[in-house]
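Have a look at the structure below, then the notes.
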Ligand code: PHE
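Numbering (UniProt numbering), first residue to last: 1 to 348.
Spelled out as C-alpha cells, the structure:
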C-alpha cells in the first residue's frame, strides 16, 4: 500500500477512535498514538526515503493535511468533552439560594468574666489601674511578703498546691500587693490598683469549694488614707454589684496583711434586711475581706509606713455570682454547660 493510502487509512481509524472516546484523557492518548513522536504518522513517513523525489512534495502535503485534520477533530472533541463535564459538575453542585442559612451559635461572655469586667469598669472610673499577676508565684511573695509568718496555717500543705518547696500556685491575689508596692513611685501619685485573676487551693471540689476560683484584689496607698475611705469605696462596690439600696457593715476580723482587718457584709438584696434563706435570716451577707494595710507589708516593699498607708480588700467573683444569681453550686461555673451559661446574657 502506498504512503498516501496508508495516511488516509490512519485518518479514518483515528476519527473512529475519537468518535468513541468519552474522556479528555482518552483524547490525549489518541493524540499521542497518532501524532506523537513515536506515533503512527511519524512511522509511516519513515517510508519517505523510498519515495521518488517528484512524489515527495505530494506525500508531504498529504501528511500535513492529515495532521491538520486530525488535530482539528481532536480539538473539537476535547472541547465538547470539557464542556460536557463542566455542565455535569455545575448541575451536581447547584446551590439552592432559597434555602435558609445554618444558624451559627454565638458565644457570650462567661458570667464570671461579666462580673469581673463590671468591677473593673467601676474601679477604672475611679482612677485605679488594673494589674495582672502570675498564677505561678513564689512562696515568698504569696506568704512572706504579705506578712504570713512561716508557721501560719494557710501555708499548710493541705491548702496550697506546691510546685517546689519555693514555688506554688497562688492561694490568693494578695502577692500582687507586694509586687505593685515595691514597683510604685509615690512621687508620681498614690497607688490605686485592682488585680483580678485565678487562685488555687487544695480543696476537694464540692458545692461551695473549687480547687480553682477567682479573686479581685484591691489596694489604695497614699498619705492620709483612712478607714472611712475603705468603707466608702466598698459601699460603692456593693451598690454596683447588688443595687443602689444596699448598705454595708464592717465586722472585726483577722488577716495577717491588714490591721485592723474586717469582714464586710452587704444588706440582703433578696429580703432587704428582714431575713430570708439567702441571708440565713440575719439580713446580712458576707461578701469580702478587707482592712488597713499592715505596716510590715509596706516596709517589706520599701515603703515608709510612717508616711504612707492605706487599705486593701479581696473579694471572690464566684461567690458574688452565686449570691447574685442564686447559683447553688460553684462547679456550674467550670463545667461549661451551655444550658447554664446562656442564662447570663449581658444586657445591652
Ligand atoms: N487574701 C484574702 C483571702 O484570700 C482576702 C483579703 C485581701 C483580705 C486583702 C484583706 C485584704 O482571703
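Every residue, glycine too, gets a C-beta built ideally from N, C-alpha and C. Remember, it's a predicted structure, so these values are computed and weren't measured experimentally.
8 Å Cβ shell around residue i - same chain, five flanking residues per side excluded
i: residue 137; result: 167, 168, 169, 170, 175
i: residue 346; result: 108, 109, 114
i: residue 163; result: 136, 169
i: residue 12; result: none
Contacting residues, own chain, Cβ-Cβ under 7 Å from residue i (five flanking each side not counted)
i: residue 1; result: none
i: residue 51; result: 3, 59
i: residue 92; result: none
i: residue 62; result: 4, 7
i: residue 282; result: 275
i: residue 316; result: 213, 214, 215
Beta carbon of residue i nearer than 7 Å to that of residue j
i: residue 268; j: residue 285; result: yes
i: residue 294; j: residue 342; result: no
i: residue 131; j: residue 173; result: no
i: residue 6; j: residue 44; result: yes
i: residue 247; j: residue 289; result: no
i: residue 78; j: residue 24; result: yes
i: residue 217; j: residue 302; result: no
i: residue 355; j: residue 318; result: With the chain covering only 1 through 348, there is no way to say anything about residue 355.
i: residue 148; j: residue 256; result: yes
i: residue 127; j: residue 225; result: no
Euclidean distance between Cα positions of residue i and residue j
i: residue 143; j: residue 300; result: 12 Å
i: residue 48; j: residue 8; result: 16 Å
i: residue 244; j: residue 108; result: 27 Å
i: residue 291; j: residue 146; result: 13 Å
i: residue 312; j: residue 205; result: 28 Å
i: residue 383; j: residue 196; result: Absent from the model: residue 383. The displayed extent of the chain is 1 to 348, so no value can be given.
i: residue 67; j: residue 35; result: 7 Å
i: residue 236; j: residue 287; result: 13 Å
i: residue 323; j: residue 336; result: 19 Å
i: residue 280; j: residue 150; result: 36 Å
i: residue 231; j: residue 185; result: 26 Å
i: residue 99; j: residue 87; result: 22 Å
i: residue 84; j: residue 338; result: 49 Å
i: residue 69; j: residue 80; result: 17 Å
i: residue 55; j: residue 40; result: 20 Å
i: residue 117; j: residue 155; result: 31 Å
i: residue 53; j: residue 82; result: 44 Å
i: residue 251; j: residue 340; result: 34 Å
i: residue 21; j: residue 101; result: 42 Å
i: residue 234; j: residue 188; result: 25 Å
i: residue 37; j: residue 19; result: 23 Å
i: residue 97; j: residue 103; result: 15 Å
i: residue 33; j: residue 42; result: 10 Å
i: residue 275; j: residue 223; result: 40 Å
i: residue 273; j: residue 227; result: 24 Å
i: residue 201; j: residue 307; result: 35 Å
i: residue 190; j: residue 129; result: 11 Å
i: residue 89; j: residue 106; result: 34 Å
i: residue 64; j: residue 57; result: 10 Å
When the options are compared against residue i, the one with the closest alpha-carbon
i: residue 161; options: 111, 118, 212, 302; result: 212
i: residue 72; options: 27, 46, 104; result: 27
i: residue 122; options: 192, 45, 345; result: 192
i: residue 249; options: 265, 236, 238; result: 265
i: residue 159; options: 320, 177, 238, 199; result: 199
i: residue 297; options: 221, 277, 327, 104; result: 221
i: residue 119; options: 242, 309, 252; result: 242
i: residue 15; options: 92, 62, 37, 75; result: 75
i: residue 329; options: 19, 190, 207, 103; result: 207
i: residue 139; options: 42, 90, 165; result: 165
i: residue 277; options: 326, 92, 234, 307; result: 326
Nonlocal neighbours in the same chain, by C-beta distance under 6 Å from residue i, ignoring five residues either side
i: residue 219; result: 177, 193, 312
i: residue 203; result: 209, 211
i: residue 111; result: 321, 344
i: residue 305; result: 295, 298, 299
i: residue 349; result: Since the first and last residues shown for the chain are 1 and 348, residue 349 lies out of range.
i: residue 332; result: 340
i: residue 17; result: 30
i: residue 239; result: 246
i: residue 229; result: none
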